Structures are given as structure tokens and as C-alpha cells.
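Take 4 as the starting number for the sequence shown in my numbering and just add one per residue. Below is one structure, written out as C-alpha cells; the observations come after it.
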Amino acid sequence: MLIKHEGYQKVFQEKKLTFGLTIPLENHHKQVPTMEYQIERAQLAEQLNFKTLWLQDVLLEDPTFEDPATGQIFDSFIYATYLASHTSSITIGTAATVLPLRHPLRTAKEVASIDRLFPGRFLLGVSSGDRRKDFEGLGIPIMERSEWFRDAFDHFTRALYNEFPTHQSRYGKMHKSNLVPKPNQQIPVLMTGYCQQTLDWVAEHGDGWMYYPQRPEQQHEIIQQYREKVRTFHGQSFRPFIMPLPLDLMKDPYHPVEKIPAGYRTGRLGLIKILEKYRLVGVNHIMLGLSQSTRGVDEVIEELGKEVLPHFQ
């Protein structure tokens with residue numbers, strides 16, 4: 004039961020808003036990140052009560068894509084293990100693992116291994132993917148990713164939670180064989196976007212929903228739709244709503260609110276007002292992205308942790 008998953012309970016609480024940071028923790032804009040000082044900044048984030056560090060799952064550099072920097076460069080599961088081993092309590096999550104591009108047995112073994120090594124600290128965000136070059140590189144038809152995603156999710160779940168399952172899919176066959184290790188508990192799975200499925204499917208199978216940044220009034224409408232679907236499949240059981248938010252936090256606390264792509268440029272007083280609006284419409288967790296920051300990332304993390312997060316604790 005997810006109620007026993009320490010990280011899930013710490014990060015996601017009904018009617019409350021918590022915060023995480025997306026890796027890399029540097030203001031690289033659209034350049035390839037250096038990946039320097041990530042451990043020091045991750046430890047700083049942990050000390051300042053950020054709840055989660057979020058990792059992307061990108062395989063190939065594509066200069067034509069809007070984010071050519073290939074996520075945080077390193078493989079997300081390997082880097083999750085690295086970050087977890089250099090911190091003590093902060094949760095590590097993927098936003099999001101592209102299921103069609105990873106064999107579900109490998110995914111299950113890697114996820115279970117991380118959970119056994121760092122109990123209650125890992126959250127698995129999953130998606131169907133949208134980077135054409137990654138699909139081309141692995142020889143997987145991007146236009147069929149809806150079916151590949153469902154097959155991968157089903158194969159992954161059966162292998163992870165069943166003893167000696169009998170199952171066959173496009174990914175292979177399990178018969179008189181068993182995945183080891185098994186996780187300590189159920190691993191929270193957070194759906195990203197629609198995963199090329201319906202909202203009903205997302206609400207039924209996900210332990211939470213990550214959706215793209217929109218203005219609070221737009222986000223409110225889609226959150227209401229999601230909550231209704233969750234009630235259909237899970238009654239009054241709580242499922243969190245999560246969103247990313249690019250941020251350029253200005254030094255002047257009174258700096259007016261300005262829009263930047265998918266996010267905001269503002270001082271901390273304007274930011275607090277924006278975040279409160281998101282909390283009121285039902286957002287439970289925000290992944291703050293600092294890649295577009297015009298200030299030093301250490302300074303921004305420090306200000307957020309000391310001057311912004313306490314308003315929501």
C-alpha cells in the first residue's frame with residue numbers, strides 16, 4: 004500500500020503544496036549542462052527542506068528539439084542511485100522514465116534495486132516519450148508508442164509484483180522464472196501527460212498525475228477533471244497532481260511577475276502569490292526548474308528554501 008511508502012507520504016499531501024527541483028541544478032539555459040556541483044546543491048536542497056530531486060530520461064542529443072541538452076546527461080537510474088547515495092532523506096524521482104524505450108524487465112529490476120538500496124526514497128514517473136530521435140535510435144516506431152507503453156507498463160507491473168508470473172508480450176516471455184529483487188513495497192508510479200492513453204486510463208493506473216505547466220485557472224479545470232476520474236476508480240483515495248515550473252527568481256523581491264516559456268520571472272513576493280494560487284486550485288507538488296535562471300543557482304536555492312518554502316509548511 005502506498006500509505007506505507009515514506010517518500011510518497013512526505014512529498015504528497017492533500018490540499019498542501021510541496022516543492023522539488025529538477026536536475027541539473029545549474030543555469031545552463033539551452034546549452035549542454037556542465038553537471039558540476041550537483042551533489043553540493045542537492046545536499047543544500049535537502050537541508051532547506053525541498054522534498055524531491057527530479058531526473059529526466061533522454062538518450063540522444065537532438066539539436067532540433069526545444070531542449071537539446073539531453074536532460075541531465077547521465078542515465079536517470081544510475082544518476083538517481085548516485086544522488087541518493089550522497090544524500091540522506093530527500094526523495095529522488097524520474098520525470099519521466101520513457102517506458103517504450105526501456106525493456107520492462109530491466110526497468111523493473113532497476114527500480115526494485117533502487118528501492119531496496121534506498122527504501123521509500125524513489126518515485127517513478129513514466130511517460131510514452133516524445134523525442135523522435137530516441138525512438139529512431141532504438142528502432143521503435145514512435146507512432147505506435149501508445150501500444151508499446153501499455154505493453155511495457157503491464158509487463159513491468161506483472162514482473163515486479165508477482166511471484167513466477169506466466170506472461171508474454173512483445174517484450175518477451177516469462178514462464179517458470181522470477182524477477183529478483185522484489186521491491187520493499189509498492190513503488191509509486193506517476194503518469195506524465197496522457198501517456199498516449201485516455202484520462203480514465205491515467206486515473207485508474209497512476210498513483211498521481213504529472214501535467215504540463217499552465218496558468219492557475221487553466222490548471223484548475225484539468226485538475227477537476229482528473230479528481231472526478233480518480234473518484235470513479237478509487238473512491239475518496241487521494242492521488243496527487245504534480246507540475247513543473249521554470250523559474251527565473253529575481254534578486255529584487257518586488258520585481259513584477261513576467262511570463263517566460265512555461266514559467267515565470269518574478270521576485271519572491273510575486274512568486275509566493277503565484278504558488279498560493281496553484282495550491283488553491285489543487286496542485287500538490289511543483290518541480291521548480293532553474294535552468295533559465297539569470298542568478299547563481301546556489302543563491303536562488305538558498306532564497307527559495309529560506310524565504311519561500313516556509314510559507315507552505
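Using N, Cα and C, we set each Cβ at its ideal position, and we do this for glycine too. Computed from a predicted model, the values in this text were never measured in an experiment.
Which same chain residues end up closer than 7 Å to residue i when comparing Cβ atoms and leaving out the 5 residues on each side of it in sequence?
i	result
HIS178	THR169
MET253	ARG268, THR269 and GLY270
ALA162	PRO107, LEU108, ALA111, PRO168, MET177 and LEU182
ILE275	VAL311 and HIS314
SER79	LEU58, GLN59, ASP60, THR97 and THR100
PRO216	MET246, PRO247, LEU248, ALA265 and GLY266
ARG134	VAL61, ASP65 and PHE68
With 16 other CB atoms within 10 Å as the buried threshold, where does residue i fall?
i	result
THR3	This structure gives no information on residue 3, because the portion of the chain shown stretches from 4 to 316.
LEU126	buried
TYR257	exposed
LYS19	exposed
GLY351	Look at the range of the chain in this structure, 4 to 316, and you will see that residue 351 is not part of it.
SER296	buried
LEU283	exposed
GLY175	exposed
ARG218	exposed
THR21	buried
ARG234	exposed
VAL14	buried
HIS32	exposed
GLY10	buried
THR201	exposed
HIS288	buried
GLN222	buried
GLU306	buried
Helix, strand or coil: how does DSSP classify residue i here?
i	result
ARG268	strand
MET4	Confidence in MET4 is poor, its pLDDT being 48 and thus under 50, which makes the residue's placement unreliable; the coordinate value appears in the next sentence. Of the three classes helix, strand and coil, the one that applies to MET4 here is coil, per DSSP.
ILE107	What sits at residue 107 in the sequence shown is Pro, not Ile. Helix.
ILE321	With the chain represented from 4 up to 316, any question about residue 321 goes unanswered, as that position is not in the structure.
LYS262	strand
VAL14	helix
PHE315	helix
PRO249	strand
THR235	helix
THR55	strand
LYS176	strand
LEU28	coil
PHE22	strand
LEU193	strand
THR297	coil
LEU291	strand
PHE167	coil
PHE244	strand
Our contact map puts residue i next to residue j with C-beta atoms below 8 Å; I'd like the distance itself, whole angstroms only.
i	j	result
GLN75	TYR85	In fact, because the Cβ distance is near 11 Å, the residues do not count as touching under 8 Å.
LEU141	LEU104	6 Å
PHE244	GLY285	6 Å
GLY209	ARG242	7 Å
ARG119	ASN187	6 Å
THR97	LEU58	5 Å
ILE304	ARG124	ILE304 to ARG124, Cβ: 20 Å. No contact.
LYS136	LEU63	5 Å
Assuming residue i is part of the beta strand (DSSP E), what are its boundary residues?
i	result
GLU310	Segment: none, GLU310 is in no beta strand (DSSP E) and carries neither H nor E.
SER130	125-130
ILE95	94-101
VAL303	Premise fails: VAL303 lies in the alpha helix (DSSP H), 300-306, not in any beta strand (DSSP E).
Leaving out five residues before and five after residue i in sequence, what residues of the same chain have Cβ atoms less than 6 Å from its Cβ?
i	result
THR195	ALA99, GLY128, SER130 and MET213
ASP157	none
PHE159	PRO107, THR110 and ALA111
ASP154	SER172 and ARG173
GLU29	PRO36 and VAL300
THR25	TRP57, MET290 and GLY292
GLY266	LEU248, PRO249 and LEU250
Assuming residue i is part of the alpha helix (DSSP H), what are its boundary residues?
i	result
HIS170	Looking at the DSSP string, HIS170 is not in any alpha helix (DSSP H); the run it does join, the beta strand (DSSP E), is 170-172.
HIS158	148-164
SER79	79-88
ASP203	202-208
GLN50	41-50
GLY140	135-141
For residue i, which residues in the same chain have their Cβ closer than 8 Å to its Cβ, ignoring the five residues on either side in sequence?
i	result
GLY308	LEU47, ALA48, GLN50, LEU51, ASN52 and PHE53
ILE143	PRO103, LEU104 and TRP151
LYS262	ARG268
SER180	PHE167
ARG148	PRO103, SER131, GLY132, PHE138 and GLN199
SER91	GLU49
LEU272	PRO256 and TYR257
Does any CB atom of chain D fall closer than 9 Å to the CB of residue i?
i	result
GLY308	Considering every chain present, this structure includes no chain D. It has just one protein chain.
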